[in-house]
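Peer 1: Residue numbers (our numbering), protein chains in the order written: chain B, 626 to 1135; chain S, 3 to 440.
Backbone N, C-alpha and C define an ideal beta-carbon position, used for all residues, glycine too.
I am attaching a structure below and will ask some questions about it afterwards.
Here you go:
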């Protein structure tokens, strides 16, 4: 029976003891902690490798340090142990440059004992390793993996700085968060660092480690996104407020609507696609409203379903589901685009298609009911059937609302956790309404613009598209489109391409 | 040394006992998968671990950054931290668990049964079984249908010596949520009653209901222990191997294999395994077992090195105001100061009135010459009918000192009948005792 008990108590006791935490090893008395501080220059790579062993592994190492068995660890014994251990570290820290393995040379080694808990010591091994390399003549990939005593529990950290070369998007920071294993950060909401390997692109030239640009790549790190983020946390806190008053509730509803609206304004919500669709189909106000309503319904249903699934099953990962839905959403857009393409091709075959188109757009501007009737009576052979047209719009709306917004999901789950499921659901609905408002507004803007100045339809398209992250890419398309006179064929092709792009982006997140 | 580990306690926080595997996997390969998680600041560890508990922890951490007042999430995080501490043997999770559960109970002091389950698991890990019992009962008063709380209750009752009540709680747990967690506890209850067939059956069911490799490793380990402790070393070796195939780094399975190899005469293999175990997870029990094996094979110096490590651990425990339980009592009784053993064993009677405690205390009393009282405790260790070779051996030696040779012979023979190689040092002594007059 003892074994498991001890397994439990040993670990707890060694760290949980009252007021002992101050003197005991901050990462637990069993740990062996690793740090590799790389400095990459054009002629050589240095590694400041540090191994910080807590009380127990230090006690375990004692017999092998105390070679004369006198019970004391003299300077000669310690430096001999340091030399042996650093040789082992040099062998265990594997490094290669574009596939070619390097061999470390130990420049210096040191082993110091530092006072730990209960009169015991902790051992700190410092190895200065170096390896010659030629990095000045082109791009290289440096890969490093620390396998020294990998089976021991502990902190694993790697940093990299450049000296005369440029580190392209280094995955590891330039500075040690633990101050080279001297001060371990202890954040309640993070797990111990476990970085055992790193792959770094090295280019000739100068420049600091570009870890910061890696951070900037996180979606939505711009000022707008930061404001949205602020509203986000306000929202989350409102929904999680301990005492829910009417005022707070209404405020939460309002904020959720605002948040939904701003969320839809962020990139990746098929606004471009919808705009292109409406442009291609000479859409009406009613069409824009249909899309908006579908977005609300789809998004609300999606969040509620996913929220339910996440509550029921702990094995489901929210972000994985979102990724999959992103793919589905993109493919749906592409499918709608293909449908558009087919009908555009059909229409192009009809001779009067172009003339008719202008007039058609005009009509839709003021009377939607009439617009549809118009479709049927005048456009018999080229216009698609009413149902198919509606299906296209609904499909577009579904695509727009299919990927549940993480913030809506967080709020729902938070509300469920606090036993306020209905309130959470209400917030999700209003969130969806906010999203729909933005998308509908975008659609309406387009419809207005195109109905007043049929020739300026493209301008509307551009206006809607301005917020979209695809804009630089689309700008070229837009030009091409202008050149070709904005045929429905091009807009349909655009929808297909954007849909595929959205799907590809979701897959790429993998 | 060959007594069986308490599955209950390993299960205690290891509800759904997960993911040593993933830890092992991430140890070697771990190609960091950076995923742009929604928007919150990236935590220090940017790696996305593959195992479910770690993934759930990451998700809950993320969630709490945006909803910091969600007491339920704090409670879940606390429970997960306790579990992760056990699974990874990384003790840094315990202080985190303490703080997370405290935060949860601060936000919602009443009706917060998830946090209470977490506190119960944490108290049990600390060996505060009375505290664990209190938390489990408080939680069950709020949610009588919680399987996790019934599990915590089972574990606390077992260690406090209320075996019938514990088994009843395990049965309620099985009704609430049938599965490996409940079956492992029922197996343990059966084993404590001496009903090995039932214990095996339940553990087989736990294996059948295992979800994921670490559940498999867990069940295999206890199946191996049931075999080893009844002297079926080859069968045990088979179970340990099957477990290691599921999770190659599972320290307990390596320790099991080391014991079985030693029992089968493969000293080299056993020493190699033990060296790996204590290097990877230097739990005091493993260190002590390794030392005993080395000593029995005449490698005194190497044995003393392991004992020195054990003493260092003892020192740390004492500094932290925690007793090292029966390990310390038996170590001091055999290799140290028997008077210390009596003090430590006597203190444990109050905090953990369990079979092991009675046995160790009886053995300590014997070593200071108080054989009459020693026999009373040796009897109490065997009161439930548990088939435990070490308990029988200890009673045999005590009886011998009291001049009851026939009883001593009988108990020594029973010990060897249960397991002919229950301990590398004690089994040969038992053989001499059993064959003394026959």
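So if I threshold CB-CB distances at 9 Å, which residues from the stretch 361 to 388 of chain S count as touching chain B?
Peer 2: Listed in sequence order: 362.
Peer 1: By the 8 Å beta-carbon criterion, what residues does the stretch 907 to 931 of chain B contribute toward chain S?
Peer 2: Correct list: empty, as no residue qualifies.
Peer 1: What does residue 777/B touch in chain S if you count any residue whose Cβ is under 8 Å from its own?
Peer 2: The count along the first chain starts at 1 and reaches residue 777/B at position 152. Result: 281 and 282.
Peer 1: Does chain B have any CB closer than 7 Å to the CB of residue 311/S?
Peer 2: One-based indexing of the second chain puts residue 311/S at position 309. Output row for residue 311/S: interface = yes.
Peer 1: Would you list the residues sitting across from residue 711/B in a DSSP beta bridge?
Peer 2: For the purposes of this step, residue 711/B is taken as the residue at position 86 of the first chain. Looking at the DSSP assignment, residue 711/B forms no beta bridge with any residue, so it has no partner.
Peer 1: At which residues does the beta strand (DSSP E) containing residue 732/B begin and terminate?
Peer 2: Looking up residue 732/B in the first chain gives position 107. Here the beta strand (DSSP E) through residue 732/B covers 730 to 740.
Peer 1: Would residue 816/B be called buried (16 or more neighbouring beta carbons within 10 Å of its own) or exposed?
Peer 2: Along the first chain, read from residue 1 onward, the residue named residue 816/B stands at position 191. The residue in question, residue 816/B, is buried, as its Cβ has 16 or more Cβ neighbours within 10 Å.
Peer 1: Check whether chain B comes within 7 Å of residue 307/S, counting only Cβ atoms and requiring the distance to be less than that.
Peer 2: Residue numbering aside, residue 307/S sits at position 305 when the second chain is read from its first letter. Yes, because at least one Cβ of chain B sits closer than 7 Å to the Cβ of residue 307/S.
Peer 1: Thinking C-alpha only, which one of 810/B, 697/B and 964/B is nearest residue 746/B?
Peer 2: Within the first chain, residue 746/B is the residue found at index 121, counting from 1. It is 697/B whose Cα lies nearest to the Cα of residue 746/B.
Peer 1: Who are the neighbours of residue 67/S on chain B, taking C-beta pairs under 8 Å?
Peer 2: Against the second chain, residue 67/S aligns to sequence position 65. Chain B residues near residue 67/S: 814.
Peer 1: Fully enclosed by the stretch 173 to 242 of chain S, which beta strand (DSSP E) runs are 3 residues long or longer?
Peer 2: DSSP runs (the beta strand (DSSP E)) wholly in the stretch 173 to 242 of chain S: none.
Peer 1: In whole angstroms, what separates the C-alpha of residue 1099/B from that of residue 1126/B?
Peer 2: Taking the first residue of the first chain as position 1, residue 1099/B is located at position 474. Taking the first residue of the first chain as position 1, residue 1126/B is located at position 501. At residue 1099/B, the pLDDT of 48 sits below 50, so the modelled position is not reliable; the number obtained from the coordinates is stated separately. Straight-line Cα distance between these residues: approximately 11 Å.
Peer 1: So which residues on chain B does residue 98/S lean against when the C-beta distance must stay under 7 Å?
Peer 2: As a first step, residue 98/S is located in the second chain; it is residue number 96 there, counting from the start. Within 7 Å Cβ-Cβ: 813.
Peer 1: Under 8 Å between beta-carbons, which chain B residues line up against residue 101/S? List them in chain order, please.
Peer 2: Numbered from 1 along the second chain, position 99 holds the residue referred to as residue 101/S. By Cβ distance, chain B contributes 813.
Peer 1: Which residue wins for smallest C-alpha separation from residue 453/S, given the options 259/S, 194/S, 256/S and 228/S?
Peer 2: No answer is possible for residue 453/S: it lies beyond the span of chain S, which begins at 3 and ends at 440.
Peer 1: So, is residue 661/B buried or exposed, given that buried needs 16 or more other C-beta atoms within 10 angstroms?
Peer 2: Locating residue 661/B in the first chain gives position 36, counting from the first residue. Answer is buried; the Cβ neighbour count reaches 16.
Peer 1: Would the stretch 1055 to 1064 of chain B count as touching the stretch 868 to 885 of chain B if we require 3 or more Cβ pairs under 8 Å?
Peer 2: Output reads yes: the stretch 868 to 885 of chain B touches the stretch 1055 to 1064 of chain B.
Peer 1: Mind pulling the chain B residues with CB within less than 8 Å of residue 317/S?
Peer 2: If you number the second chain from 1, residue 317/S lands on position 315. Simply 743, 744 and 745.
Peer 1: Look at the Cβ atom of residue 955/B, then the Cβ atom of residue 1067/B, and state whether they are nearer than 7 Å.
Peer 2: In the first chain, the residue the question calls residue 955/B occupies position 330. In the first chain, the residue the question calls residue 1067/B occupies position 442. No; because the gap between Cβ atoms is not below 7 Å, this pair is not in contact.
Peer 1: Looking only at its chain, what residues have a beta carbon closer than 6 Å to the beta carbon of residue 276/S, apart from the 5 residues adjacent to it on each side?
Peer 2: Along the second chain, read from residue 1 onward, the residue named residue 276/S stands at position 274. Here the set comprises 260 and 292.
Peer 1: When we look at the beta-carbon of residue 426/S and count the other beta-carbons within 10 Å, is it buried (16 or more) or exposed?
Peer 2: If you number the second chain from 1, residue 426/S lands on position 424. When all chains shown are included, residue 426/S counts as buried.
Peer 1: Taking the beta carbon of residue 834/B as the centre, do at least 16 other beta carbons fall within 10 Å, making it buried, or is it exposed?
Peer 2: One-based indexing of the first chain puts residue 834/B at position 209. Low local confidence applies: a pLDDT of 40 at residue 834/B is under 50, so the model's placement there is unreliable, and no value is given.
Peer 1: Output yes if chain B places a C-beta closer than 7 Å to the C-beta of residue 108/S; else output no.
Peer 2: Taking the second chain and counting its residues from 1, the one referred to as residue 108/S is at position 106. So, not an interface residue.
Peer 1: Interface residues of chain B around residue 251/S at Cβ under 9 Å?
Peer 2: What you label residue 251/S is simply residue 249 of the second chain in a count that begins at 1. The contacting residues are 776.
Peer 1: Starting from residue 248/S, find everything on chain B with Cβ-Cβ shorter than 9 Å and list it in chain order.
Peer 2: The residue labelled residue 248/S in the question sits at position 246 within the second chain. Per Cβ cutoff of 9 Å: no residues; residue 248/S is ~17 Å from chain B at best.
Peer 1: Consult DSSP for residue 390/S and reduce its assignment to one of helix, strand or coil.
Peer 2: Numbered from its first residue, the second chain carries residue 390/S at position 388. Reduced to three states, the DSSP call for residue 390/S is coil.
Peer 1: Pop quiz: residue 290/S and residue 329/S are said to be a contact at Cβ under 8 Å. What is the actual Cβ separation, rounded to whole angstroms?
Peer 2: Taking the first residue of the second chain as position 1, residue 290/S is located at position 288. Taking the first residue of the second chain as position 1, residue 329/S is located at position 327. That pair is a contact at about 6 Å.
Peer 1: So, with DSSP's three-state summary, where would you put residue 1034/B?
Peer 2: Start at 1 with the first residue of the first chain, and residue 1034/B comes out as number 409. Correct three-state label for residue 1034/B: helix.
Peer 1: Have a look at 399/S, 331/S and 364/S and flag the residue whose alpha-carbon is nearest the alpha-carbon of residue 383/S.
Peer 2: Start at 1 with the first residue of the second chain, and residue 383/S comes out as number 381. The residue with the shortest Cα to Cα distance from residue 383/S is 364/S.
Peer 1: Kindly list the residues whose CB is nearer than 6 Å to the CB of residue 637/B, restricted to its own chain and excluding five residues on each side of it in sequence; keep chain order.
Peer 2: Locating residue 637/B in the first chain gives position 12, where the first residue counts as 1. Unreliable positioning characterises residue 637/B in this predicted model, as indicated by a pLDDT of 38, which lies under 50. The coordinate reading is nonetheless provided below. Once the five neighbours on either side are set aside, residue 637/B has no close Cβ partner at all.
Peer 1: Shorter than 6 Å, the distance from the beta carbon of residue 1122/B to the closest heavy atom of the ligand ATP, or not?
Peer 2: For the ligand ATP, the structure offers nothing, since it holds no ligand at all.
Peer 1: Measure the Cβ-Cβ separation of residue 435/S and residue 400/S and say whether it is below 7 Å.
Peer 2: Along the second chain, one-based indexing puts residue 435/S at 433. Along the second chain, one-based indexing puts residue 400/S at 398. Not closer than 7 Å, so no.
Peer 1: Nearest-angstrom Cα distance between residue 263/S and residue 269/S?
Peer 2: By 1-based counting over the second chain, the position of residue 263/S is 261. By 1-based counting over the second chain, the position of residue 269/S is 267. Their backbone Cα atoms lie some 7 Å apart in a straight line.
Peer 1: Identify each residue in the stretch 650 to 670 of chain B for which the Cβ-Cβ distance to at least one residue of chain S is less than 7 Å, and report them in chain order.
Peer 2: From the stretch 650 to 670 of chain B, only 652, 653, 654 and 655 have a Cβ closer than 7 Å to chain S.
Peer 1: Is the shortest distance between the beta-carbon of residue 685/B and the beta-carbons of chain S less than 7 Å?
Peer 2: One-based indexing of the first chain puts residue 685/B at position 60. With 7 Å as the cut-off, residue 685/B counts as an interface residue toward chain S.
Peer 1: When the cut-off is 7 Å and only beta carbons count, does residue 834/B lie next to chain S?
Peer 2: The residue you call residue 834/B lines up with position 209 of the first chain. Confidence at residue 834/B is low in this model, with a pLDDT of 40, below 50, so its placement is unreliable and the value that follows should be read with caution. No, residue 834/B does not count as interfacial toward chain S.
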